[in-house]
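**Student:** This is the structure I have questions about; it appears just below.
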Amino acid sequence: MDIWIAVKSKNVVTLSVDNLFTDPKIGAAHSTSTDTGSALFLGGHRFLKKVRGIVSRTPYIGCIRNVEINTEPQPLIPNMAEGNITIGFCPTN
Numbered sequence: 904m905d906i907w908i909a910v911k912s913k914n915v916v917t918l919s920v921d922n923l924f925t926d927p928k929i930g931a932a933h934s935t936s937t938d939t940g941s942a943l944f945l946g947g948h949r950f951l952k953k954v955r956g957i958v959s960r961t962p963y964i965g966c967i968r969n970v971e972i973n974t975e976p977q978p979l980i981p982n983m984a985e986g987n988i989t990i991g992f993c994p995t996n
């Protein structure tokens, strides 16, 4: 079962995938949302080592499904995937 949860409390946000949590991140004192201000990449980017703001330098390998933003399901389009990623289902589940 894949469960991804983001919890925001005032200016602190944390993210979890399958109950593995990131360290909390602290935003500006008066922030009320976690807007990216630009594109949101799930899993990676074709030019991973050249894009400003992406900390990871290794590509994501796996599957992505059931993506929601503000409780709204987001369409997953296979031709938008880059690398070794399965879109819309996870073969082992």
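Residue 904 is where the sequence shown starts when you use this note's numbering, and the numbers rise one by one after that. Virtual Cβ for every residue (Gly too), placed ideally from N, Cα, C.
1) Ordered along the chain, which non-local residues of its own chain (more than five positions away) have a Cβ less than 7 angstroms from that of G947?
2) Can you look up P976 in the DSSP assignment and give me helix, strand or coil?
3) Within 8 angstroms of any Cβ in chain C, is that where the Cβ of T995 sits?
4) G965 lies in the beta strand (DSSP E); which residues open and close that run?
5) Taking only the alpha-carbon atoms, compute the straight-line gap between C993 and I967 and give it to the nearest angstrom.
6) Using only the alpha-carbon positions, how far apart do E971 and A932 sit?
7) Could you check the C-alpha separation between P927 and P981 for me, to the nearest Å?
8) Would you report the Cα separation of V915 and K953, rounded to the nearest angstrom?
**Tutor:** Quick look at the numbers:
1) Scanning its chain for C-beta atoms nearer than 7 angstroms, with the 5 sequence neighbours on each side dropped, one finds around G947 the residues P962, Y963, E985, G986, in chain order.
2) The three-state reading of DSSP puts P976 in strand, counting E and B together.
3) As a matter of chain content, chain C is missing from the structure shown, which is built from one protein chain.
4) In this chain, the beta strand (DSSP E) harbouring G965 covers 965 to 967.
5) Spanning the two alpha carbons is a distance of roughly 7 angstroms.
6) Using only the alpha carbons, I get a separation of about 26 angstroms.
7) The straight-line gap from Cα to Cα measures roughly 31 angstroms.
8) Their Cα atoms are separated by approximately 28 angstroms.
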